[in-house]
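Q:
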Ligand SMILES: Cc1cc2nc3c(=O)[nH]c(=O)nc-3n(C[C@H](O)[C@H](O)[C@H](O)COP(=O)(O)OP(=O)(O)OC[C@H]3O[C@@H](n4cnc5c(N)ncnc54)[C@H](O)[C@@H]3O)c2cc1C
Ligand code: SF4
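Dropping the structure here:
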């Protein structure tokens, strides 16, 4: 059943991304699950992937505010104590599911890092993970210190010079990956990145498509 | 069910006896897997969207007794609709059970939920009965399809269709009929897309009229008992879905038997708790979607 949950806090993490923390009310979820969050009148809902770990007392979401976006703008104005409607958790994109010791590569853009943060928080002791993370500006990189401490994160910045990180697109780093047999690839974020990376992995990389898992959060405006 | 003697169930608003179908057999049993969908198409005839729970997820345990009962009633195949069925966490296990007994058909948007579960779906090819997928490609025009279903989704669904076909699953597509269109000409416009995805040029296309979103009340003529014999012959009556199919729908924690796939927004069509009881109930053609079946012979069925 749906839950009415109280907002615990709303914190701006970058100029366009805020972290929304809400009461958990005991609900169980798997890293990679999303909750549909409903805007005011209950008619509009959008899925948001939970970014917190399974042992945390609250649910945390990383939400990008889109120009004219109905739900992201509604949520961006919430205050502690406000009530919002959340669906039960659901999902089809579960990093690390159905794998035992196979290597994992996570590839994200922007808030597409959320399911991977949830996974790394929930399973701090699981095998090594490589994470390619694409952002426009350095300030857009979410939870970078945590990522550095929990996986082999390789940040890619597309629109800013002067950092030690690669400037360009995540696809630039694909040839540098060790394509070990059995590796599972989890791709999350902008559709164009996901399509380009999938095409490279299946084509040049020779990866079986059943090892390529995809979650499109955003469709870039034409 | 209390409504079965109610005046407005059995009579039209003009006081005439309503047209009805007395079900003859159970060839096909549908399961509504839930209205939670990854997409939120504005025209969705189920009103599905992310997190929607007008109709909740069916579980494997909800489904099991209906499969047993349907087999006793001689069912020929099982079909599944949503929402997007692969959003339902039990979907693959449900298919695994159903395919042990009969062939199955799933209506899917063939986007991320299905593709991300392809590792679980692939072994179903080895079950003793066939699994087929009917995928929505609304128009033979990617831009027009994507206006409703989200950017890039025509290409994604077409790509998934091609893959499912290459693995040996049966596939067909569902599309929308526009008023006054030349059905065959529109069907031909799909051929280049099919060929680009490695699909046969004569892939089956099932075209649907506009059924209107749930809870809408479009003005439609009422169907009287007299209409059923004046406008339809015995064969046409026999082909109406409520004559040979039922759908299992779960609302408020109870799975009930509905008259067909198209009327799940009206409690009056929640006929019974069991299939056997539901087969005794006359289905009154009161719903606006009944008129589509009556007038255009619309059918979602895989068996007719
Ligand atoms: C399974 C799933 C999980 C998701 N999880 C998250 C999450 O954890 N965090 C998150 O931030 N989002 C997430 N999303 C996206 C989220 O569901 C919404 O789609 C998003 O917040 C936009 O909703 P909205 O109502 O604000 O915008 P809408 O009112 O739906 O409008 C979106 C408009 O913005 C345009 N647009 C799309 N992308 C961009 C862009 N990059 N820049 C400018 N305009 C754009 C679109 O063309 C569209 O016109 C997820 C999506 C899915 C499918
Ligand atoms: S994909 Fe199908 S079920 Fe989902 S919203 Fe669109 S039309 Fe409705």
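Residue numbers (this note's numbering), protein chains in the order written: chain A, 1 to 222; chain B, 1001 to 1304. For glycine and all other residues, C-beta sits at the position ideal for the given N, C-alpha and C.
Kindly identify the DSSP beta-bridge partner or partners of residue 1270 (chain B).
A: B:1258, per the DSSP bridge assignment.
Q: Where residue 1091 (chain B) and residue 150 (chain A) are concerned, what is the direct C-alpha to C-alpha distance, given to the nearest angstrom?
A: Their backbone Cα atoms lie some 34 angstroms apart in a straight line.
Q: Taking only three categories from DSSP, how would you classify residue 219 (chain A)?
A: The answer is coil: DSSP assigns residue 219 (chain A) none of H, G, I, E or B.
Q: Is residue 214 (chain A) close to chain B, meaning its C-beta is less than 7 angstroms from at least one C-beta of that chain?
A: Yes, its Cβ sits closer than 7 angstroms to a Cβ of chain B.
Q: If you draw a straight line from the C-alpha of residue 169 (chain A) to the C-alpha of residue 156 (chain A), how long is it?
A: If I take the Cα positions, the gap works out to 6 angstroms.
Q: Under 7 angstroms between C-beta atoms, does residue 89 (chain A) make it to chain B?
A: For residue 89 (chain A), the answer is no, since every Cβ of chain B falls outside 7 angstroms of its Cβ.
Q: Are the segment 78-97 of chain A and the segment 28-35 of chain A in contact at 8 angstroms, needing three or more beta carbon pairs?
A: The segment 78-97 of chain A, when compared against the segment 28-35 of chain A, does touch it at the 8 angstroms Cβ threshold.
Q: May I have a chain-ordered list of the beta strand (DSSP E) segments no shorter than 3 residues that lie completely inside the segment 1006-1074 of chain B?
A: With a minimum length of 3 residues, the continuous beta strand (DSSP E) runs that stay inside the segment 1006-1074 of chain B are 1028-1032.
Q: Where do the N-terminal and C-terminal ends of the beta strand (DSSP E) with residue 1106 (chain B) fall, by residue?
A: Start and end: 1103-1108.
Q: Give me every residue whose Cβ sits closer than 5 angstroms to any heavy atom of ligand 1, in chain order.
A: The set, ordered by position in the chain, is A:34, A:46, A:47, A:48, A:49, A:63, A:64, A:66, A:69, A:70, A:71, A:72, A:111, A:114, A:217, A:218, A:221.
Q: Determine the burial state of residue 1286 (chain B): buried for a count of at least 16 other Cβ atoms within 10 Å of its Cβ, exposed for fewer.
A: Under this definition residue 1286 (chain B) is a buried residue.
Q: Answer with buried or exposed for residue 15 (chain A), where buried requires no fewer than 16 other C-beta atoms within 10 angstroms of its C-beta.
A: Label assigned to residue 15 (chain A): exposed.
Q: Compare the C-alpha of residue 228 (chain A) against each of B:1203, B:1150, B:1191 and name the closest.
A: Given a span of 1 to 222 for chain A in the structure shown, any question on residue 228 (chain A) remains unanswerable.
Q: Is there a C-beta anywhere in chain A that falls below 7 angstroms from the one on residue 1181 (chain B)?
A: Answer no: the Cβ-Cβ gap between residue 1181 (chain B) and chain A never drops below 7 angstroms.
Q: Answer with buried or exposed for residue 1289 (chain B), where buried requires no fewer than 16 other C-beta atoms within 10 angstroms of its C-beta.
A: Its Cβ being crowded by 16 or more others within 10 Å, residue 1289 (chain B) is buried.
Q: Pull up the distance between the alpha-carbon of residue 1055 (chain B) and that of residue 189 (chain A), whole angstroms please.
A: Using only the alpha carbons, I get a separation of about 29 angstroms.
Q: So does the segment 1131-1141 of chain B actually touch the segment 110-130 of chain A, counting three or more Cβ pairs closer than 8 angstroms?
A: Output reads no: the segment 110-130 of chain A does not touch the segment 1131-1141 of chain B.
Q: What residues from chain A crowd round residue 1112 (chain B), counting only those whose CB sits closer than 8 angstroms?
A: Per Cβ cutoff of 8 angstroms: 92, 93, 214, 215, 216.
Q: With 7 angstroms set as the bound, which would you pick, yes or no: does the beta-carbon of residue 1304 (chain B) sit closer than that to a beta-carbon of chain A?
A: Confidence is the limiting factor: at residue 1304 (chain B) the pLDDT is only 48, short of 50, which leaves the residue's position unreliable, though a coordinate-based value still follows. Judged by the 7 angstroms Cβ criterion, residue 1304 (chain B) is not in contact with chain A.
Q: Measuring CA to CA, which of B:1242, B:1294, B:1188, B:1099 is closest to residue 1339 (chain B)?
A: Lying outside 1001 to 1304, the shown extent of chain B, residue 1339 (chain B) is not represented and no answer is given.
Q: Given a cut-off of 7 angstroms, decide if residue 1129 (chain B) and residue 1108 (chain B) are closer than it, judged by their beta-carbon atoms.
A: No. Outside cutoff.
Q: With DSSP collapsed to three states, give me the class of residue 1291 (chain B).
A: DSSP places residue 1291 (chain B) in helix when its eight states are reduced to three.
Q: Considering only residues of the same chain and omitting the five flanking positions on each side of residue 171 (chain A), which have a CB-CB separation below 8 angstroms?
A: Here the set comprises 193, 196, 197, 200.
Q: Taking a cut of 8 angstroms between CB atoms, which residues from the segment 1141-1174 of chain B lie near chain A?
A: Those would be 1150, 1151, 1152, 1163, in chain order.
Q: Among B:1167, B:1273, B:1255, B:1283, which has the Cα closest to the Cα of residue 1061 (chain B)?
A: Answer by Cα proximity: B:1255.
Q: Where does residue 62 (chain A) fall in DSSP's three states?
A: Correct three-state label for residue 62 (chain A): strand.
Q: Taking residue 194 (chain A) as part of the alpha helix (DSSP H), name the residues at either end of that continuous run.
A: Residues 191-202.
Q: DSSP on residue 8 (chain A), reduced to helix/strand/coil?
A: Strand.
Q: Establish whether the CB of residue 1051 (chain B) and some CB of chain A are separated by less than 7 angstroms.
A: Yes, because at least one Cβ of chain A sits closer than 7 angstroms to the Cβ of residue 1051 (chain B).
Q: Express the C-alpha separation of residue 1079 (chain B) and residue 1030 (chain B) in angstroms, rounding to a whole number.
A: Rounded to the nearest angstrom, the two C-alpha atoms are 5 angstroms apart.
Q: Are the C-beta of residue 1117 (chain B) and some C-beta of chain A separated by less than 7 angstroms?
A: For residue 1117 (chain B), the answer is yes, since a Cβ of chain A falls inside 7 angstroms of its Cβ.
Q: Could you name the residues of the segment 8-39 of chain A whose beta carbon sits closer than 9 angstroms to any beta carbon of chain B, in the order they occur along the chain?
A: Answer in chain order: 34, 35, 36, 37, 38.
Q: If you draw a straight line from the C-alpha of residue 1249 (chain B) to the C-alpha of residue 1045 (chain B), how long is it?
A: Their Cα atoms are separated by approximately 15 angstroms.
Q: Any C-beta of chain B within less than 8 angstroms: which residues of the segment 41-56 of chain A qualify?
A: Listed by position, the residues of the segment 41-56 of chain A near chain B (Cβ gap below 8 angstroms) are 45, 46, 47.
Q: Could you tell me the alpha carbon to alpha carbon distance between residue 1037 (chain B) and residue 162 (chain A), rounded to whole angstroms?
A: Looking at the two C-alpha atoms, the distance is approximately 43 angstroms.
Q: With burial defined as no fewer than 16 other Cβ atoms inside 10 Å of the residue's Cβ, what is the status of residue 73 (chain A): buried or exposed?
A: Answer is exposed; the Cβ neighbour count stays below 16.
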